[in-house]
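Participant: After the C-alpha cells below, expect a handful of questions from me.
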Amino acid sequence: MPSPLITMQNVDFHYPGKQALFDVSMDILPREVTALIGPSGCGKSTVLRCFNRMNDLVPGAKVTKGSIHIAGQDIEDPKLDVINLRRRVGMVFQKSNPFPQSIYDNAAYGLRLQGEKRKEVLDEAVERSLKGSALWDEVKDRLRENAFSLSGGQQQRLCIARSIAVQPEILLMDEPCSALDPIATAKIEELICQLTKDYTIVIVTHNMEQAKRIADKSAYFLLGKLIEMSPTMDLFTQPKRRETERYIRGEVG
Ligand SMILES: Nc1ncnc2c1ncn2[C@@H]1O[C@H](COP(=O)(O)OP(=O)(O)O)[C@@H](O)[C@H]1O
Ligand SMILES: [Mg+2]
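The opening residue of the sequence shown carries number 17 in our numbering; numbering runs sequentially from there.
Structure (C-alpha cells):
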C-alpha cells in the first residue's frame, strides 16, 4: 500500500468560542478521491481548510491539538511558506469564482502570479489546464471572452483549470457541484475521475450518491468527530458503526 500523502493525527480545532473538530485522525492516500460526508455543520469544510491553511483567514481559529503532515512536512510549522503550500494544495469552492477577466487570463493566473511572462509558456499552460479540466474544446475559439460569459458548469471547470495550471499535488473541492444542474454535475464528476490519475482529491459532498459514484474512500463526520473512514462501497454497504448506518439510512441531517 502506498504511504499516505496527507496525515491528520488527533486534531482538535477551535473557532473563537467553538470547538469544531475533536481528535480527528485520518490518512489520505495519493491519487485517490476521498469524500468527506456528513450532516451540515459536522466539520467537513473545516477539515478541508486545514489542509491548505485556509482557516488562517479566520481570526483566532486554530488547531489546538495534534498534527497535520503533507508529504511528510508539518504544515502547521510557523516557518512554513503558506503561499507555496497553497500552490501545492489547490482549492475549488462551492460557488464557482472565476475572476472578472478573460478565460485565458483566468487559466494563466497562477503562473503569472509566479512571475511567468513568456507567452509560449503561458499559452502551453492555458491549453494544458483547459484540456485537463475538459473545457478546451468548448472554449478554444473564445479564450479572450470574459469568464462570466460561460455557463455555471463551465465556470466551475475553469476554476478547476485555474487550480491545475500550477500543477498542484492535491485538489480540495468543497461541494463543487452543489450549485450545478445534473448535466453539469455529471461532467464535473467525470472530470474528477479523470483527474485522480494525476492528483490526490479531497471532496466535501452532502450528496451520498455522489460519494458512491466518485470516491475511493469516504469519511463520515458527525458533530466534529470522524465516525468512520472506509473504502466507499464498504462504508455504504457494511458500515462499521451504528452512527454511519443511521446516516446512510437517511435518519440523520
Ligand atoms: N468562521 C467560523 N467561525 C465560527 N464558527 C465556525 C466558522 N466556520 C464554521 N464554524 C462552525 O464550525 C462547525 C463546523 O463547520 P463546517 O466545517 O463549516 O461544517 P460543514 O462543512 O460540515 O457544514 C459548525 O458548527 C460551524 O458553525
Ligand atoms: Mg461546508
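Backbone N, C-alpha and C define an ideal beta-carbon position, used for all residues, glycine too.
Inspect the CB distances between the segment 210–217 and the segment 48–56 and report whether three or more fall short of 8 Å.
Facilitator: A contact exists between the segment 210–217 and the segment 48–56.
Participant: On a Cα-Cα basis, can you pick out the residue from 107, 252, 260 and 222 that is closest to residue 55?
Facilitator: Checking every option, the nearest Cα to that of residue 55 belongs to 222.
Participant: To the nearest angstrom, how far is the alpha carbon of residue 90 from that of residue 96?
Facilitator: Answer to the nearest angstrom: the Cα atoms are 8 Å apart.
Participant: What's the gap between the Cα of residue 45 and the Cα of residue 75?
Facilitator: Those two C-alpha atoms are separated by around 31 Å.
Participant: How long is the line joining the alpha carbons of residue 144 and residue 73, rounded to whole angstroms?
Facilitator: Cα to Cα, the separation comes out at about 31 Å.
Participant: According to DSSP, what are the bridge partners of residue 249?
Facilitator: Per DSSP, none; premise fails for residue 249.
Participant: Can you pull the DSSP bridge partners for residue 216?
Facilitator: Answer by DSSP bridge pairing, in chain order: 186.
Participant: For residue 52, report the span of its beta strand (DSSP E) as first-last.
Facilitator: Its beta strand (DSSP E) spans residues 49–53.
Participant: By the three-class DSSP mapping on this structure, what secondary structure does residue 235 have?
Facilitator: Residue 235 falls in the strand class under three-state DSSP.
Participant: Along the chain, where does the beta strand (DSSP E) containing residue 80 start, and where does it finish?
Facilitator: 78–86 is the extent of the beta strand (DSSP E) around residue 80.
Participant: What's the C-alpha gap between residue 225 and residue 118?
Facilitator: Taking the straight line from one Cα to the other gives about 34 Å.
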